[in-house]
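One structure below.
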Amino acid sequence: MHKFLIIIFLSAQWGFSQDLNEENSKRYILTGGTAHIGNGEVIENSTIIIENGKIVAIGSSDLVIVNKKRGITYNLMGKHIYPSFILPNTTLGLVEIDAVRATRDERETGNLNPNVRTQIAYNTESIVASTVRANGILLAQITPRGGLISGTSSIMKLDGWNWEDATYLKDDGIHLYWPELHDYHYHGHSHIFTASDITEEKEEKSKVLEAISSLNHLFQKVQQYSKLKQKETDLRLKSLQGLFTGQQTLYIHVNGANGIKESILFSKKYNIKKIVIVGASESWRITDFILKNDIPIILGRVHSLPNHAEDDIDQAYKTPKILKESGILFCLNYAGDMPRMGSRNLPFLAGTTVAYGLTKEEALQLITLNPAKILGIDDRTGSLETGKEANLFISSGDALDMISHNIEMLFLMGKEVPLENHQTRLYQKYLEKFQLEE
Amino acid sequence: MKLNKYYIYIYIFLLPFIFLSQENFPVNGVKETNEVTHAFINADIYINYNEKITGATLIIKNDKIIDVGKNIKIPKESIIHDLTNFTICPSFIDIFSEYGQSQDIQNEQSLGSWNSALNIEYNAVNHFLINKKEAKSFINSGFGLVNSLKRDGIIRGTSTLVYLSYEKPNESIFLDRSTLCMSFKKGSSTEAYPNSLMGSIALLRQAYYDLDWYENTQGDYNNSLEAFSRYKNLPKIFEVNNYQSIFRADKIGKEFDDNFIIKTSGHEYQRAKELKAINRPLIVPLNFPKINPKNDPYDNLELSLKELKHWEMAPFNPAILMTNNVQFSLTTNGQNISDFFDDLQTAISCGFSKNEALKSLTYYPAKFLKIYDKVGSISKGKKANFLIYSGELFSKNFFIYENWINGNKHEINNRNGIKLLGDYTLFVDEEKQGIIQFNNNNKEITAHFVNDTLKKRAINNIELVGQRISFSYNNHLFSGVFDLDVFGEMKDSLGNWKNWKLVRNNEKSTPITEKNQSYFEHGDILFPNMAYGLTENPKQESILFKNATVWTNESRGIIQNCDVAIERGKILRVGKNLKTSIFRNSKNVKIIDATGKHITSGIIDEHSHIAISQGVNEATQAVTSEVRIGDVINANDINIYRQLAGGVTVAQLLHGSANPIGGQSAIIKLRWGQSAENLKYLNAQSFIKFALGENVKQSNWGSKYSTRFPQTRMGVEQIIYDAFIRAKEYEYNSKNYKKKKTPKPRKDLELDALVEILNKKRFITCHSYIQSEINMLINLAEEFGFTINTFTHVLEGYKIADKLKNHGSNASTFSDWWAYKYEVNDAIPHNASILNKMGVNTAINSDDAEMGRRLNHEAAKMIKYGNTSQEDAWKMVTLNPAKMLHIDDYVGSLRKNKDADIVIWSMNPLSVYSIVEQTYVDGRCYFSIEKDNEHRGYIKKEKNRLLNKLMNQK
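Chains as they are written, first to last, in our numbering: chain A, 1 to 438; chain B, 1001 to 1954.
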C-alpha cells in the first residue's frame, strides 16, 4: 500500500516514468498491428514478443507461435508499431530554457575542449525532454556546442533516474566544428552571412586558416602524445585518444562543399578511424566524394530555407532524396533554431522527405536504423528485429504525418514509458476547468 | 515705385557678385588689377548641352561672359586665344559632394531638436575648407562648381555651393546656403532613436508637422525649427541608399507638398517606369560595382544572381533613365573621381547619349538648384565657367586642356600638346629609328614607339612642360622642344650625346580599340532583379478547375468532385459540374483537370516579419506607435516567392516586440514582382503591434539594458495606461482648443495612432505569453472602452480562454513552440485546440520565414494536439486569420465574389505528404511547379552567362 502511494504521488506530480524493477521482466505480446521494421520492410498483421527488455520474436502473425498465457497481450489491429526514433546531435537535457542562462550547460568557454563531457551534465528531469519522448524519441546523442572542438557526446535514454542510469553509450564521439568562410548555420532566417567587401573577406579567410592551423597543431600533439611512454597527464590530449583506436567517432559539423572535403582529408591525414559529417547542407553537391570516402552524414534540418537565393526553393526538402540515390548512409537531426523543443517534430522531417521523393519506409529509416548505424548502436536498437532491444511505440496512425501521428504506448528496453508530461497535465487541467471533452 | 522694384531685382540678382568682388581682405604688396578681357576665337562652342556652334568666339571679362557667337565684335583690349581644333563647353556641376567638408566634425548637439539626427541648423558653409588635392581632381575632371554638404543625419542642414579653386576660400562661395539636405540615415547621432528605417521616416514626418506647429503658434524660440522655417524654401536634396527608398522619399514629399531632388544609389533602372511616374529630379551616381570572380565554383555560389545582374546592369542605368525621360544630374559621389570619365564612357557605350551626359552635368544640376540663370550654359551674362578640350565630347580622345572657373584659368594640360598628337618618324643623328605615335586618353598624352618589325612599345615618362618635351626609351634619354617641329638632343644608353627630331607622318594613327561589343548587351531586367524574379506580371486568368476536393471553409464544408471557376481576379462560382458558359467571356477559359487534387483558399499568415526593410523593431523607446511597417515594405524579399510555394497569399507584416507599444502593421498580398506599394492589401483596415512580457521589459537583452522603463510587468501596464491617458487628453485638446482659446496642440504622430485605437479605427495585435499580462491588457482596454483585436502568441491563452472569449479577442498562436524563454514555460501545443473549442477565433501563425511556407503542417498538428477537426484546423490558417484581420469579406474561403486567392494541393493539404502545385493571387498564377522549373532553368543559364562574362572581363 505504501509503495503504491509513492508511485501515484510521483507519477502525478512529476511524471517519473521509471517503474518497478520487476516491470523489466514483463512479457508483452503485440499482435495484429502493422510493424514498420525500420530497415525498409513492413509486416502487416504482425506479432511481436517482448521479453526481458528485448524483442524475442517478430513476424507475420501466421508464423509466430505465441504462448498467450504468459505476459500481457495487446491486440493492435489497425494500429502501427514503429522502432522508437533516435535523435542525433541534440542539446536536450543540457539546456532547459534558452533565455535563462542558469539553465544553459551546452557550451563551455574556449575553443578546444574535447575533454568536456555531456554525459555528466545530462538532466534526466528535463521537462522539454519529456515532451520529445512523448512523440516517440527515446534515444538521443547529447552533443556539446561551441568553439572548434566542443567536447565529447554520449548517447542517452530520454528516461532514467540519473545520468548513470540514463546512459546508453558513454562518450561515443568528439565534436569538431569545422571553420568555414560562409555561415550556413541559419535556419528560418533569410540572411546568409557573406563578407561584404574584399578586406572583410580576407580577414575572414585568415581567421579560418588560423583556426585550421590550431586544429593541426592540436592533432599533431595528440599523435605525439600517444607515442610518449612517460607523460604528464594532459586531459585534452588524453580525451582524443579514442579517435585513433576507433573507440570514438569524430563528428565534424560542417556545411559547405569545400569545408566537407577539407575536413574529411584533415581527419584522414591523422588516421582517425570513424568520421561522421554533421549538418552537411551542401553535401548533395559532392556525393561522389563523400561516397568514395565512405563517410556517413547526419543531415541538417530538412525544414530549412535554402542556403542561397538561387538554390531550388525546396532544396533542403529534397536533399535526402539526392543522398539516398547516391547510396550515402545518412540520417536526420534537428539542430538549428528551437532545437530541443522542436525536436519532437523529427518524424515530420522524415515525413517531408516523402513529399519530396522518398518512400515512407525509406524515410522511417532516416530516424531509426540509419542513425543507429551511424551512432554505432545498431547491434542493440534501431529496428524491430529479433534480439534487439524493445525500443518501440504503438501509434494509431502513420507516425510520420502529423495528421495521424498519435502515440498510444511507448516501450524503452521493454519497459512501458508513460506519455504524460508537463504539457499534457496542463492540458488535462484546463480541459477540466472548462469542462471540455478531449 | 516701379523703379524701386527694378532696383531690388537688380540688387538681388547681383548680390553674390557684388559681395564677392568687394575687397575686404588686406592686400600684400601693390594692388593687382582684375580687369581682364579674354577672347577665344575660332572655337567650336557648346553654348548649351545640345547646341554647338562652330568657328565661334567667346568673350569674357573678369568672371562673366560678355558675348558668345559667330562674327561678334572683339573688344580691342582682349587677350586673344586662337582655339582652332578646340571645343568649349560649359564646365560641369556636381550638386552632391562632400568636397571641403571635414569628416571629423561630429554632428553638433542640436540646440532645438530633441534628436541630434535632426541637425537642421547645421550650415556646411561654416565648416567649408578648401582641399587642394580634392579640388585638383575635380578641376582636372572638368568640374567648376560643387555643392558641398555634410552627409550626416536625417536632416543635415544646409549645403554650400562652391567654386573649385585652390586659394581664397572667401571667393569660393557661390551660394552660402544652397540646399537643405535630408536622408533616412541618422548618421553620427548618438541618440538611440531611431534605430530603424521606419523610425527615421517617422522622425522626419514629425519634424515637418512640428515645423507647421512652430510657425503657427507663438511658442518659445526653437533653434532647430527656426532653421527649418528659414530654409524650408531652399531646394532639398534627399539621399537614399536603394531604389525602393526613392518611393519612400517621394511619399514624404507628397505628404508635405515638398519637392525633393533625390540622390540615388544607381539601381533605378529596376523601376524606371515608376520613377518617371513620380517625376522627381534625381542625382545619379556612376559607381558601377566591381566583382572579383573566384576561380572556385563553390566560392562563386556565394555570388548571388542579384549582385551579378546589377554588376551587368549598372552601366545601363543612365541610358535606361534617359529612355524613360527621367530628369537626372550625375554625381561623382561614391566613386574615385579619376574613374569618372571611364565610367561615363562605359555608360555612353551602354546607350547613354553624349548630349544627355552633358545635360546631366550642366543643365540639370543648374536647373535643380535654380541657378541656370547664372551657370550651366555659355551665354551672355552668365558666369565664365567653361572647359577647353580637344577630341570628341566624352569619347576616348576627349581631353581637357583648361578649366575656367569664375573667370580664372586652371591649366590641366598645355594647349600646345594638341600640336603633338599624331604619328612621327624618329630620326637620331639623321638616322631613321622607327615611328612614334602620340595619342591621348582622357587623362594624359601617351606615346608608343613602333620599330621596323612593327612591334609596339609604350614610351614611359613622357613629360610636357610648356613647349618642352622629355621622355625616355630603352635607357635613351630625350630632351627637346616642340612647336611645328619636334627636335632636341638625347643622351643614349652609352652616354653619348646625339641630336634627334620627329618628322610628322601624314597617315592617321590607328584608332584605340573599343571594348568588346558583347559587354554592351544585357540580360532581362527581372522584377525583382534577382533569382526567381519575373519578366512580367502574371496575367489575370479565367480558369475552370474541374473535379477537385474543394475546402470551401463555408457551411458547405469540404466538397468532393467539385469545380471552381475564377474570372477577373474573383471567384466566379464553386460547385459541381460547372460549365464554361457561366464565364462572362466563355472563349478564353482555361480548363484545368484537378482530379485527385485539393483546392483551398490561400493561406493567411497573421504574424510575419518577411519583406521588411532595414529593421523590424524601432526598439529604442517604449512607445513607438508613430512608426509604420507600411513605409518599409521590401518587395524584393525572396521569401515572398518561397512562401507562395507554400500556399501563402496574404501576410500581416508586424513590427517586432521590443516595446510595449510598437509600430503600425501592414497587410500585404504576396504579389511577387510588384512594387512595395502594390503589395499592400487595399481592403485592409489599420492595425498596430503591442507587446508584453520579457521582450518589452528587456529581460533577455543583456545586463546593459536595465534602465529603460518598464523593467517589470507592473511597469508595462503603467506605460500603456499612461499612453492612452495622454492620447485622450490630446484628442480632447485637439478638438476643443478653439473653444478654450488655447494654442492648437502640436500634431503628434505617436498619439494620433493611439487616438485611432480609442476610436476603433485601428486595431491591436498584441504579442503576449502569460495569462496575467493578457488579463491585464483586457482589463485596461475595457476601461478605455475598446477591444484588443488579437492576442498573438498568446501561449497561455488556454488558461483564460473564457476571458478572451468574453472580451471578444482573437487568438493567433504557434502550434508547438515553447521553452525558449521563461514566460513560455507553460505553453502547450493544445492551446489552439482549447481556444477553438471555447469559441475563440483562433489562428496558427509562423513568425518565421521557413515555417511560413509550411503553415499547413502547423495547422495539422492541432489534430494531433487536442483533436481539432480537419476542417477547423484548416480554418486556423485561412478563414480565422482573415476574420481577425477584418478581411474575411474578401479572402479566407472559397465563395462567389471573394478574391481568387487559391491554392491547388497534390492531396489533403493537412498531410505532411501534400505539396503545393499552384498558387493564385487575384486570379494570377504566381507559383506553379511548371513555372518554378522554368525559373530554375533560367537561373542556371543566366548565372552561368554572367559568370562567363565576368571571367572574360578579368
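Virtual Cβ for every residue (Gly too), placed ideally from N, Cα, C. Since the structure is predicted, the reported quantities are computational estimates derived from the model, not experimental observations.
Considering only the beta carbon of each residue, do B:Lys-1150 and B:Gln-1101 sit closer than 7 Å?
-> yes
Separation of B:Ser-1833 from A:Gln-428, as counted between CA atoms = About 12 Å.
If you compare alpha carbons, which of B:Tyr-1122, B:Ala-1594, B:Ile-1462 is closest to B:Met-1182?
-> B:Tyr-1122
At least one CB of chain B closer than 7 Å to the CB of A:Thr-194: is that the case?
-> Low local confidence applies: a pLDDT of 39 at A:Thr-194 is under 50, so the model's placement there is unreliable, and no value is given.
Range covered by the beta strand (DSSP E) that runs through A:Tyr-251 | Looking at the DSSP string, the run of the beta strand (DSSP E) that includes A:Tyr-251 is 249–254.
Tell me, to the nearest whole angstrom, how far the beta carbon of B:Thr-1425 is from that of B:Val-1503; I am working on the premise that it is less than 8 Å.
-> 5 Å
If you follow the alpha helix (DSSP H) that B:Tyr-1231 is part of, which residue opens it and which one closes it?
-> 1223–1231
Run the CB neighbour count on B:Met-1971, radius 10 Å, all protein chains shown included, and call it buried at 16 or more, exposed below.
-> For chain B, the structure presents residues 1001 to 1954; residue 1971 of chain B sits outside this window and is missing.
Which term fits B:Leu-1015, buried or exposed, when burial requires 16 or more other beta carbons within 10 angstroms of its beta carbon?
-> Low local confidence applies: a pLDDT of 45 at B:Leu-1015 is under 50, so the model's placement there is unreliable, with the coordinate-based value given in what follows. Answer is exposed; the Cβ neighbour count stays below 16.
C-beta neighbour in chain A for B:Arg-1671, strict 7 Å | No, because no Cβ of chain A sits closer than 7 Å to the Cβ of B:Arg-1671.
Indicate whether at least one CB of chain A lies closer than 7 Å to the CB of B:His-1410.
-> no
Do you know how far the Cα of B:Arg-1762 is from the Cα of A:Val-95?
-> If I take the Cα positions, the gap works out to 41 Å.
Give the single residue among B:Glu-1307, B:Arg-1924, B:Leu-1211 whose Cα lies nearest to the Cα of B:Leu-1118.
-> B:Leu-1211
With distances taken between CB atoms, is the gap from A:Leu-392 to A:Pro-83 smaller than 7 Å?
-> It is a contact, given that the beta carbons lie within the stated cut-off.
Just mark B:Gln-1953 as buried or exposed, buried being the case when its beta carbon has 16 or more other beta carbons within 10 Å.
-> exposed
At least one CB of chain A closer than 7 Å to the CB of B:Lys-1064: is that the case?
-> So no, B:Lys-1064 is outside the interface.
Sheet register partners of B:Val-1623 (DSSP bridge) | The partner list for B:Val-1623 (beta bridge, DSSP) reads B:Ile-1661.
Within 10 angstroms of its Cβ, does A:Arg-101 collect 16 or more other Cβ (buried), or is it exposed?
-> exposed
Compare the Cα-Cα distances from B:Asp-1922 to each of B:Glu-1554, B:Lys-1367, B:Asn-1460, B:Ile-1668 and report the closest residue.
-> B:Ile-1668
In angstroms with no decimal places, state the Cα-to-Cα distance between B:Leu-1946 and B:Gly-1533.
-> 16 Å
Contact between the segment 1383–1391 of chain B and the segment 1079–1087 of chain B: three or more CB pairs below 8 Å?
-> yes
Whose Cβ in chain B lies nearer than 9 Å to the Cβ of A:Met-409?
-> Simply none; closest approach about 16 Å.
Hey, B:Pro-1528 and B:Asn-1636: beta-carbon distance below 7 Å or not?
-> yes
In terms of residue numbering, what span does the beta strand (DSSP E) encompassing B:Val-1162 cover?
-> 1160–1163
Could you check the C-alpha separation between B:Ile-1661 and B:Ile-1610 for me, to the nearest Å?
-> If you draw a straight line from the Cα of B:Ile-1661 to the Cα of B:Ile-1610, it comes to about 20 Å.
Backbone CA spacing between B:Glu-1461 and B:Phe-1288 [nearest angstrom] | First, the amino acid is wrong: residue 1461 of chain B is Asn here, not Glu. C-alpha separation (whole angstroms): 31 Å.
Please report how far the alpha carbon of A:Ser-326 lies from the alpha carbon of A:Lys-274, in whole angstroms.
-> 20 Å
Endpoints, beta strand (DSSP E) assigned at A:Asn-75 | Looking at the DSSP string, the run of the beta strand (DSSP E) that includes A:Asn-75 is 72–75.
Between the CA atoms of B:Val-1824 and A:Leu-169 - distance to the nearest angstrom = 32 Å
For B:His-1267, the first and last residue of its enclosing beta strand (DSSP E) = Element bounds for B:His-1267: n/a, residue is neither H nor E.
Coarse secondary structure for B:Ser-1470, derived from DSSP in three states = strand
Cβ of A:Asn-75 within 7 Å of Cβ of A:Asn-333?
-> no
Which value, in whole angstroms, describes the spacing of the CA atoms of B:Asn-1856 and B:Met-1876?
-> 9 Å
Exposed or buried, B:Thr-1712, counting other C-beta atoms within 10 Å across all chains shown (16 or more means buried)?
-> B:Thr-1712 should be labelled exposed.
Counting pairs of Cβ atoms below 8 Å between the segment 395–407 of chain A and the segment 56–74 of chain A, do you hit three or more?
-> no
How would you call A:Val-42, buried or exposed, if buried means at least 16 neighbouring beta carbons within 10 angstroms?
-> exposed
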